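Residue numbers (this note's numbering), protein chains in the order written: chain Y, 4 to 192; chain F, 724 to 1391.
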Amino acid sequence: MNLKFLLPVAIFAAIALAFAVGLTLDAQRLPSVLIDKLAPQFELPPIAAIDDGEDSGEDTGKPYGGGLSSRNLVGRVTLVNIFASWCVPCRVEHPQLMSLSRDHGITIFGINQKDTPQDARAWLARHDDPYRAIGADSTGRVSIDWGVYGVPETFVMDATGRIRYRHVGPIMPRDVTRTLLPLIAELGS
Amino acid sequence: MIAELGHFALILAFVLALVQGSLPLAGAYRQGQGRDDGGWIALAGPAALGQFVFITLAFAALMTLFVSSDFSVMVVTANANSQLPLIYKISALWGNHEGSMVLWVTILALFGLCVALFGSNLPAAFRARVLGVQGLISAGFLFFMLLTSNPFARLVSAPADGRDLNPLLQDPGLAFHPPFLYAGYVGFSMAFSFAIAALIEGRVDAAWARWVRPWTLAAWCALTLGVAMGSWWAYYELGWGGFWFWDPVENVSLIPWLVGTALLHSAIVVEKRDALKSWTVLLAILTFSFSLIGTFLVRSGVLTSVHTFATDPARGVFILVLLVAVIGGSLVLYAVRAPTLTGGGLFAPVSREGTLLLNNLLMTAAAATVLLGTLYPLFLDAVGGPKVSVGPPFFHATFLPLMAPMVVVMAVGPFLSWKRSDLAGTFPKLYAALGLAVLVALAAWYFHRGGPVLAVVALFAAAWLLFATLAELVDRLELFRTSWRDSLERARKLPRAAYGMTLAHAGLALVIAGATGASLWREEHIQSSFPGDAVEVGGYEVILESVRQKEGPNYLADQGQFMVLRGGRQVALLEPEKRVYSVTAMPTTEAAIHTTGRGDLYVVLGDQAEDNSGAWTTRLFFTPLVVWMWIGALVMVAGGLLSLSDRRLRVGTPRRSKVQDSGKEEAA
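In structure tokens form, the structure reads like this:
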């Protein structure tokens, strides 16, 4: 048989193979270029107080003077979660964050992206607050340094303050058991 | 009840498709063996008719559900709303995955019916094979729908109202974009079925090419219109002022167009000269294969795109199996049978066939480039590389250089005679076109001094193609060389296909000119304007008069009033809108456009300043010549339709005999 007539079907086989591999790939898998690197330097203020006379902005129950900076990330395995009150998937992952914080004693830091103080506070009051400390990234500038693609995103940080894993999109229950808890246990040992 | 009837009709159509895809093929085989076919061949026509009836029933059922807003049906709830204007209730049917599949098979069944009704000039066994292949395609699609994408699935509890159609799709331009696109995609299935039937019979000849051409031509016209409408929609609806973004969804519709165009031209060579047979058969297979990939790639989850339907991995596996079966199977058949298709006519490199072949190579190379750019991120991801996206710079660097020689060849080719021709004798006929094109290039350079050189080159190419195409018509009519009466007589006798070619080629010249102006000479001004502020753009003075609130049937909008002055005189009042659709809470921009032959003034109303100062972000574009792109596309379609109405294709029974080489008088 003349081999040149086999060329089209051979090319198609290669394309079909790539399709097959493409199907098994997770579209959500967006590896970070920052993996195993130190977190970008940042210094974020707390979510600003609302001047309504009653809540004078004190006693947010947070350490570090209420804000969040890259220095706070050192010392233990932590999660950094980018969230916003306007973000619907953040509601979806919220129970998982509460459980990680409350039941597993994991330190979670929040970066509140492009939000207003009123909305952010109301959201945390309504849904409960899993965060050890929150930095208000009202312009989204710090999120850009982190290479954030959309809200929510979550980074697993080791005790030296290096990014070890990036999770894009809401954390689902199976992500907690399959990925996050084993990784945190491994990094903590 | 209506949904269940529709579902039942789909199942019956599937059963009939299985019958149509098996018995007629078996019958044709038995007859080929010299045995009695048991009347199986004769089943093809009635099966196609029955399939059409039941699929049309299903289509009508789904249409009824959409129009009557039956929210107990899942697709209706997910894609429509009781507040939708009627036209969008109708177009919502194909504005989603399940419904668009129904439209797909409906068009396929319509084409099948046409073969059954008008294919009486085909030999019975051949017709049975063509319809058999069509039946197999249809069976595959219906099986896919019934298993993974049932459009008639009910909801357990019906909501009070639907979630509404994506606001971007609520647009007259997009309402009719999918039907034309699908008519193009599905139309190429005819060329495919003819090719498979010919491969099974092991015979490809001039008569075959003559049967294939009208179907291909009709599909090509529909696809051209579909692609142009999609581009037009992107231009005025997305509010970026661009017309082509090299997005995977756009690319996968361009690839079948490029290969289909190549097929149209190579079929001419088969018809006239009995050459390039196996190549033409391969093109017929490839064109439909890319149509299938175009239909499926973006909804399988293999590739992600900015305007994808919802993806579902379970569907992806089924789709891949379907693609492998149809495309892989036909290419294997091609590998086995194509070597037996011996070519007839020989030809010299410089000849009509030579230029048509060169056109073919450039078209397929361009298609391969676009395919590579579209799939490259996938390939890289598959071998564990980084996630990348391939953008316009790649396509501009690869696609445009292939189009340049193509334009040169397109201008010269029609002048050449079949078999053997000489360039030296042809060039003098092109002097006038060359001169005029140089004048246009000089004018372009003069009026846009400091602009990109590429624009001047591209406009030269467009003018060269346009004038050379007209010169060819003048040459044929012997205008200025003989008496007017003689020329008129020649004009009357010239086949319509010849005029069709002239129009189609001239149309492409207009498209090139429009695309050049719109992408390389575009002016863009983004600013913060207070009411009363004026901006100079493209020779216009545009004044923001005021911004008003407006209430539409299913949206709220801020509507800007922009007065457009030219030379101190008001020429237009433009009212762009920023809409928020009430159900989906999704904002859209409605650009306002003032169109002239010189260019479009394109006005977009942005956001109000956050400090409540009363300023609005406004974006003003001037896109020169862009209207010629859409006009050019329409001219191309008109050329295709005119060629389709040619006497040669309309009447006369093509017989399986060697067609006389009628030389240059016959149309290309």
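Using N, Cα and C, we set each Cβ at its ideal position, and we do this for glycine too. Quantities reported herein were computed from a predicted structural model and do not represent experimental measurements.
In terms of beta-carbon proximity, residue 9 of chain Y lines the interface with chain F, with at least one pair separated by less than 7 Å. Within the stretch 756-822 of chain F, the complete alpha helix (DSSP H) segments of 4 residues or longer fall at 767-790, 797-802 and 809-814, listed in chain order.
Using a Cβ-Cβ cut-off of 7 Å, residue 1062 of chain F counts as an interface residue toward chain Y, since at least one Cβ of chain Y sits closer than that to its own. Listed in chain order, the positions of the stretch 873-906 of chain F with a beta carbon within less than 9 Å of a beta carbon of chain Y would be empty, since no residue qualifies.
Proximity to residue 1001 of chain F across F:950, F:1063 and F:1018 peaks at F:1063, based on C-alpha coordinates.
DSSP places residue 972 of chain F inside the alpha helix (DSSP H), whose first and last residues are 971-996. The continuous beta strand (DSSP E) containing residue 1269 of chain F extends over residues 1263-1274.
Counting other Cβ atoms within 10 Å of its Cβ, residue 1161 of chain F stays below 16 and is therefore classed as exposed. Taking CB atoms only, residue 1058 of chain F has a neighbour in chain Y less than 7 Å away. Secondary structure of residue 126 of chain Y (DSSP, three-state): helix. The way I'd put it, the stretch 903-918 of chain F does touch the stretch 1003-1015 of chain F; three or more beta-carbon pairs between them come closer than 8 Å. For residue 152 of chain Y, DSSP assigns no beta-bridge partner whatsoever. By the Cβ-count criterion, residue 1222 of chain F is buried, with 16 or more other Cβ atoms from all chains shown falling within 10 Å of its own Cβ. Within the same chain, and ignoring the five residues on either side of residue 1249 of chain F in sequence, the residues whose Cβ sits closer than 6 Å to its Cβ are 1342.
Pairing residue 940 of chain F with residue 1365 of chain F gives a Cβ-Cβ distance that is not under 7 Å. Within chain F, the residues placing a beta-carbon under 8 Å from that of residue 15 of chain Y are 1012, 1050, 1051 and 1054, ordered along the chain.
Taking 9 Å as the Cβ-Cβ cut-off, the stretch 1070-1102 of chain F approaches chain Y at 1094, 1098, 1101 and 1102, given in chain order. Cβ neighbours of residue 1050 of chain F within its own chain (closer than 6 Å, five residues either side excluded): 1012. Within chain Y, the C-beta atoms nearer than 7 Å to that of residue 1047 of chain F come from 19, in chain order. Straight-line spacing of the CA atoms in residue 842 of chain F and residue 903 of chain F works out to 23 Å. Selection F:1267, F:829, F:1344 and F:845 evaluated against residue 1240 of chain F yields F:1344 as nearest (Cα-Cα).
With contacts defined as CB atoms closer than 7 Å, residue 1073 of chain F and residue 1146 of chain F qualify as a contacting pair.
Within chain F, the residues placing a beta-carbon under 7 Å from that of residue 12 of chain Y are 1051, 1054, 1055 and 1058, ordered along the chain. Taking the CA atoms as reference points, residue 942 of chain F sits about 10 Å from residue 979 of chain F.
Linking residue 14 of chain Y to residue 1040 of chain F through their CA atoms gives a straight-line distance of about 20 Å. Taking every protein chain shown into account, the CB of residue 760 of chain F has 16 or more other CB atoms within 10 angstroms, so this residue is buried. Contact annotation, residue 1192 of chain F with residue 1232 of chain F: C-beta distance approximately 7 Å; criterion of less than 8 Å satisfied. Between residue 42 of chain Y and residue 166 of chain Y, the C-beta spacing is below 7 Å. Exclusion of the five residues before and after residue 1349 of chain F leaves 1237, 1241 and 1323 as the residues of its chain whose Cβ lies within less than 6 Å of its Cβ.
The continuous alpha helix (DSSP H) containing residue 1355 of chain F extends over residues 1349-1367. When only Cα atoms are considered, residue 1038 of chain F and residue 735 of chain F end up about 22 Å apart.
Distance check between residue 1044 of chain F and each of Y:10, Y:133 and Y:20 places Y:20 closest, using alpha-carbon atoms only.
At the C-beta level, residue 1301 of chain F and residue 1312 of chain F come within 7 Å of one another.
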